[in-house]
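Notes for the one structure printed next.
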Amino acid sequence: MKHDLIVSQPVIETERFDLRPLRLSDSGLIDLHAGDARVAKATTSIPHPLPPGTTEAFIARAQSANRTEDVWTMDGAKSGGPEVMGVISLDRLERGQCEISFWVAPAYWNTGVASAAVGAVIRANPLECRTIFATVFQDNPASARVLTNSGFEYLGDAETFSVARNAKVPTWTYSLKMD
1 MKHDLIVSQP VIETERFDLR PLRLSDSGLI DLHAGDARVA KATTSIPHPL PPGTTEAFIA
61 RAQSANRTED VWTMDGAKSG GPEVMGVISL DRLERGQCEI SFWVAPAYWN TGVASAAVGA
121 VIRANPLECR TIFATVFQDN PASARVLTNS GFEYLGDAET FSVARNAKVP TWTYSLKMD
């Protein structure tokens, strides 16, 4: 029998759900949601179709003691929801800076889940970030609204590679000063 690793990462509570470290038992629901082309194509790093073992490798990296990114699942079990409604992460950059990334399962789009998760991570600031950056694809205005409604300020346009799209995609970059 496999046991989930204990990850030294805080649980962040919201009214509707908890943000908790990933566990191996999340792999089925992450596979289901991240395997959706709409989710994968809204991210830089999720391939589509999702190759076997991708989710397990992602969870192993998230549980690693020497990780540079803390990853939480949006776990709605306390409100009768699923254990994985989406994923949010903070990646450590240099000089007290972090980058926030998130995706939400399509069933929870336009329900406030992303806004609540981003707001909870900002309030908790578990990595004691001085500045948080975020990037969204320009064809994803809903994620841009999540950021601007959370206090992020627009920095500029850029482009980045999307694995699922196998192409460079125009992006908007945002920042939030925590000081």
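Per the UniProt record's numbering, the very first residue in the sequence shown carries number 1; after that it's consecutive.
Don't be surprised by glycine CBs; every beta carbon is placed ideally from N, CA and C.
Please read all numbers here as calculations on a predicted model, not as lab measurements.
Report the rounded CA-to-CA distance for residue i versus residue j, giving the unit in angstroms.
i       : j       : result
Arg-165 : Gln-138 : 14 angstroms
Gly-156 : Thr-171 : 8 angstroms
Gly-86  : Leu-93  : 23 angstroms
Asp-31  : Asn-140 : 22 angstroms
Gly-83  : Gly-76  : The displayed chain sequence assigns Glu, not Gly, to residue 83. If I take the Cα positions, the gap works out to 5 angstroms.
His-3   : Ala-60  : Because the pLDDT at His-3 is just 49, under 50, the model does not fix this residue reliably, and the point stays unresolved.
Arg-95  : Phe-133 : 13 angstroms
Ser-79  : Phe-102 : 21 angstroms
Asp-70  : Val-163 : 21 angstroms
Figure out for me which residue from the options has the closest Cα to the Cα of residue i.
i       : options                              : result
Val-146 : Gly-112, Gly-81 and Ala-158          : Gly-112
Leu-176 : Ala-116, Val-169, Gln-97 and Ala-117 : Gln-97
Ile-46  : Gly-156, Ala-65, Val-104 and Ser-25  : Val-104
Ala-62  : Thr-54, Ala-34 and Leu-22            : Leu-22
Ile-88  : Thr-73, Glu-99 and Glu-94            : Thr-73
Thr-135 : Tyr-174, Pro-126, Arg-16 and Ala-167 : Tyr-174
Taking all protein chains shown into account, decide if residue i is buried (16 or more other Cβ within 10 angstroms of its Cβ) or exposed.
i       : result
Phe-161 : exposed
Arg-130 : exposed
Thr-55  : buried
Val-11  : exposed
Asp-179 : exposed
Ala-114 : buried
Ser-64  : exposed
Ala-120 : buried
Note the first and the last residue of the continuous alpha helix (DSSP H) segment covering residue i.
i      : result
Val-84 : First-last for Val-84: undefined, no H or E at that position.
Leu-24 : Here Leu-24 belongs to no alpha helix (DSSP H), and DSSP marks it neither H nor E.
In the DSSP assignment, the beta strand (DSSP E) including residue i goes from what residue to what residue?
i       : result
Gly-35  : Per DSSP, Gly-35 belongs to no beta strand (DSSP E) and is neither H nor E.
Thr-173 : 167 to 177
Gly-53  : First-last for Gly-53: undefined, no H or E at that position.
Ile-132 : 131 to 137
Since I believe residue j is in contact with residue i (beta carbons under 8 angstroms), could you give me their beta-carbon distance rounded to a whole number of angstroms?
i       : j       : result
Ala-116 : Thr-43  : Their Cβ separation, rounded to whole angstroms, is 20 angstroms, which puts Ala-116 and Thr-43 out of contact at 8 angstroms.
Gly-35  : Leu-50  : 4 angstroms
Ser-143 : Ile-122 : With a Cβ gap of about 15 angstroms, Ser-143 and Ile-122 do not count as contacting.
Lys-41  : His-48  : 7 angstroms
Val-39  : Pro-106 : 7 angstroms
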